[in-house]
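Residue numbers (the working numbering), protein chains in the order written: chain A, 9 to 227; chain B, 98 to 330.
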Amino acid sequence: MNGIHDMGGMQDMGPIEYEKSEPVFHAPWESRVFAMLLAASAWHKWNLDAFRHTREVLPPADYLQVSYYEQWLSGLRDLLVRRGLVTAAEFESGTPAPGTAKATPPLTPEKIPAAILTRIHANRDIHVSPRFQVGQRVRARNINPMGHTRLPRYARGKIGMIDRDHGVFVFPDTNAHFLGENPQHVYSVCFATRELWGAQAAEKDCVYVDMWDDYLEPA
Amino acid sequence: MTISRRDFLTTATATTGAAMTPELSHAHPHEHEHQAVPSDPTLRVKALESLLVEKGLVDRAALDTLVDTYEHKIGPRNGARVVARAWVEPAFKARLLADANDAMADFGYLSRQGDRMVVVENTPTVHNLIVCTLCSCYPWPVLGLPPVWYKSAPYRSRAVIDPRGVLREFGLELPANVEVRVWDSTAELRYLVLPERPASTERMSEEELAVLVTRDSMVGVARVAVPSSGGQG
Chain A
9 MNGIHDMGGM QDMGPIEYEK SEPVFHAPWE SRVFAMLLAA SAWHKWNLDA FRHTREVLPP
69 ADYLQVSYYE QWLSGLRDLL VRRGLVTAAE FESGTPAPGT AKATPPLTPE KIPAAILTRI
129 HANRDIHVSP RFQVGQRVRA RNINPMGHTR LPRYARGKIG MIDRDHGVFV FPDTNAHFLG
189 ENPQHVYSVC FATRELWGAQ AAEKDCVYVD MWDDYLEPA
Chain B
98 MTISRRDFLT TATATTGAAM TPELSHAHPH EHEHQAVPSD PTLRVKALES LLVEKGLVDR
158 AALDTLVDTY EHKIGPRNGA RVVARAWVEP AFKARLLADA NDAMADFGYL SRQGDRMVVV
218 ENTPTVHNLI VCTLCSCYPW PVLGLPPVWY KSAPYRSRAV IDPRGVLREF GLELPANVEV
278 RVWDSTAELR YLVLPERPAS TERMSEEELA VLVTRDSMVG VARVAVPSSG GQG
């Protein structure tokens, strides 16, 4: 989706506001939202791609204006309802629906050290043939899907070179919509900044973008 | 941009932040009637936590442990230890650049089969910069959670089109002969910059070196500063 989140290359967003000695969380509620998202994700009712997409579909003005963990809170509530863990009526009343059995939380404190090592869990140890080789010239496809994609607009149609092959990963464009993992190779593709931005860019600089097989075609 | 201007902007943002939190929930259409009145997220988050705990969907002790882990246990000190070891042990550095998971498993920060990380090395002729233009991907296991500026529109939008301008804003002016490599974290690879070891640190221990390594240097928006020692080290 060509949303506001896909902001690489936009200009005039203002100065970078750097906070010295920044705290990890700026309010206790932020830390609780953060922890609830991680703990509720342990039900495996959704995946990281689906969570990202909940933020991408926020109205653009809200996306730019609200704080980061407000985006998370919105996405968490959205997924809890859509994936059947909480009903809209329960959000209304603030209490579990009468007669529902209490569940057993999948994430307990002793499981956390191991769980955070595989929090993302998107790499797949299976054999899939790569469509491209290191050193090969490729073109990022010009696609404009309405759903989730990790192919940024600024790279579409541009020519780059396969810098390295990272192995096999689930494909976000389908995974975010619960349409299957569609595992395939991911490469770092090196784009010269002049290819991306024209003559104004510095001559030797480059941007490396991680790309799935389905985002690329031979060039 | 001067520090005082940054401080001013930060203060201004923090002051107005509380007023910029309209109810967003799509799952809760009735609350849209109250959208004009900004609500304090504290109460909404407390209500949500009570509901999830009561339903048995989350364990409150697990929430406490997660918060404590990312507030106090996992942060840039992790990455600094990795960098310092790479500076003093060439064999470790070679492993780190070839297979970061394998090398960082020594510290327990990553597992060999777990989430993937890549380390990119700064040299006198190459400078690396990490960004996530599409969201906020950041190497949690070695840097902890990202600062607000890293997740902000100004940084995400400009890092790929004007990396040298962004670096200048952080006070880092790179000569034209240095190649800038920007890594846009669009997939489930997390990047960490191995900064250059500063001059005149040859006699420092691994532990002393780790103290010098900053978060910003491992994102690529700063160099590691030469310690202002009075002839020591």
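We put the beta carbon where it would ideally sit given N, CA and C, even for glycine.
Straight-line Cα distance separating residue j from residue i
i: Ile171(B); j: Ala227(A); result: 43 Å
i: Leu187(A); j: Gly153(B); result: 28 Å
i: Arg320(B); j: Leu269(B); result: 8 Å
i: Val136(A); j: Ser282(B); result: 22 Å
i: Leu72(A); j: Thr298(B); result: 43 Å
i: Met315(B); j: Glu98(A); result: 44 Å
i: Ala210(A); j: Ala256(B); result: 13 Å
i: Val239(B); j: Leu160(B); result: 21 Å
i: His61(A); j: Asn183(A); result: 11 Å
i: Arg182(B); j: Leu145(B); result: 43 Å
i: Arg90(A); j: Pro295(B); result: 52 Å
i: Leu271(B); j: Leu264(B); result: 8 Å
i: Val290(B); j: Asn219(B); result: 7 Å
i: Ile124(A); j: Gly155(A); result: 28 Å
i: Pro106(A); j: Thr116(A); result: 25 Å
i: Val217(B); j: Ala35(A); result: 33 Å
i: Thr157(A); j: Asp181(A); result: 5 Å
i: Asn126(A); j: Trp220(A); result: Looking at the sequence itself, residue 126(A) is Thr, so the reference to Asn does not match. Looking at the two C-alpha atoms, the distance is approximately 20 Å.
i: Val215(B); j: Lys143(B); result: 38 Å
i: Pro138(B); j: Val65(A); result: 20 Å
i: Ser196(A); j: Val228(B); result: 14 Å
i: Phe199(A); j: Val277(B); result: 12 Å
i: Val94(A); j: Thr112(A); result: 14 Å
i: Pro153(A); j: Lys190(B); result: 41 Å
i: Asn10(A); j: Ala188(B); result: 45 Å
i: Leu309(B); j: Leu140(B); result: 41 Å
Under the three-state DSSP convention, the category residue i falls into
i: Arg213(B); result: strand
i: Phe199(A); result: strand
i: Ile258(B); result: coil
i: Tyr26(A); result: coil
i: Val215(A); result: strand
i: Glu218(B); result: strand
i: Ile227(B); result: strand
i: Val89(A); result: helix
i: Val41(A); result: helix
i: Tyr223(A); result: helix
i: Trp184(B); result: helix
i: Gln73(A); result: helix
i: His61(A); result: helix
i: His193(A); result: strand
i: Asn131(A); result: strand
i: Thr155(B); result: Residue identity differs from the one stated: residue 155(B) is Val in this sequence, not Thr. Three-state result, Val155(B): coil.
i: Trp80(A); result: helix
i: Lys110(A); result: coil
i: Ser208(B); result: coil
i: Thr95(A); result: coil
i: Arg178(B); result: helix
i: Asp137(B); result: coil
i: Ala191(B); result: helix
i: Leu115(A); result: coil
i: Tyr235(B); result: coil
i: Leu306(B); result: helix
i: Asp313(B); result: helix
Proximity test, residue i beta-carbon vs the ligand COA heavy atom, cut-off 7 Å
i: Arg294(B); result: This structure does not include the ligand COA; it has no bound ligands of any sort.
Nearest neighbour of residue i, chosen from the options [CA to CA]
i: His193(A); options: Ser39(A), Leu204(A) and Asn131(A); result: Asn131(A)
i: Leu224(A); options: Ala97(A), Asn150(A) and His34(A); result: Asn150(A)
i: Ser254(B); options: Gly11(A), Asp20(A) and Met9(A); result: Asp20(A)
i: Lys2(A); options: Leu193(B), Ala197(B) and Arg312(B); result: Lying before the first or after the last residue shown, residue 2(A) is absent from chain A, which here runs from 9 to 227.
i: Pro67(A); options: Ile12(A), Ala105(A) and Arg147(A); result: Ile12(A)
i: Glu78(A); options: Arg40(A), Pro114(A), Leu204(A) and Asn55(A); result: Arg40(A)
i: Asn225(B); options: Met9(A), Ala50(A) and Tyr216(A); result: Tyr216(A)
i: Gly165(A); options: Val178(A), Asp173(A) and Val146(A); result: Val146(A)
i: Glu285(B); options: Gly175(A), Phe42(A), Ala50(A) and Pro104(A); result: Gly175(A)
i: Leu149(B); options: Arg85(A), His52(A) and Asn55(A); result: Arg85(A)
i: Arg174(B); options: Asp165(B), Tyr206(B), Arg192(B) and Leu193(B); result: Tyr206(B)
i: Glu332(B); options: Val185(B), Asp203(B), Asp165(B) and Leu193(B); result: Chain B is shown only over 98 to 330; residue 332(B) falls outside these bounds and no answer can be derived.
i: Leu194(B); options: Tyr288(B), Arg178(B) and Asp259(B); result: Tyr288(B)
i: Arg261(B); options: Ile128(A), Thr201(A) and Glu25(A); result: Thr201(A)
i: Glu118(A); options: Glu293(B), Thr166(B), Asp259(B) and Trp246(B); result: Thr166(B)
i: Met109(A); options: Val310(B), Glu151(B) and Trp280(B); result: A quick correction: the sequence has Ala, not Met, at residue 109(A). It is Glu151(B).
i: Asn274(B); options: Ala307(B), Arg157(B) and Thr222(B); result: Thr222(B)
Can you give, in chain order, each stretch of the alpha helix (DSSP H) that sits fully within the region 139-189 of chain A and has at least 4 residues? Runs found: 180-183.
Quick one: which residues of the region 32-45 of chain A get their C-beta closer than 9 Å to a C-beta of chain B? List them in chain order. Of all residues in the region 32-45 of chain A, only Val32, Phe33, His34, Ala35, Pro36, Trp37, Glu38, Ser39, Arg40, Val41, Phe42, Ala43 and Met44 place a beta-carbon less than 9 Å from a beta-carbon of chain B.
Jot down the residue ranges of each uninterrupted alpha helix (DSSP H) in the region 273-302 of chain B, minimum 4 residues, whole runs only, in chain order. Every candidate alpha helix (DSSP H) stretch fails here, since none sits fully inside the region 273-302 of chain B while reaching 4 residues.
When you check each C-beta in the region 142-156 of chain B against every C-beta of chain A, which residues fall closer than 9 Å? Only those residues of the region 142-156 of chain B whose C-beta falls short of 9 Å from the nearest C-beta of chain A are listed: Val142, Lys143, Ala144, Leu145, Glu146, Ser147, Leu148, Leu149, Val150, Glu151, Lys152, Gly153, Leu154, Val155 and Asp156.
Which residues, in chain order, does the region 111-123 of chain A contribute to contact with chain B at a C-beta distance below 7 Å? Answer set for the region 111-123 of chain A: Ala111, Thr112, Pro113, Leu115, Thr116, Pro117 and Ile120.
Along the region 255-266 of chain B, where does the CB come closer than 9 Å to a CB of chain A? Name the residues. Cβ contacts with chain A: Arg255, Ala256, Val257, Ile258, Asp259, Pro260, Arg261, Val263 and Glu266.
Quick one: which residues of the region 235-247 of chain B get their C-beta closer than 8 Å to a C-beta of chain A? List them in chain order. Taken in chain order, the members of the region 235-247 of chain B whose beta-carbon sits within less than 8 Å of a beta-carbon on chain A are Trp237, Pro238, Gly241, Leu242, Pro244, Val245 and Trp246.
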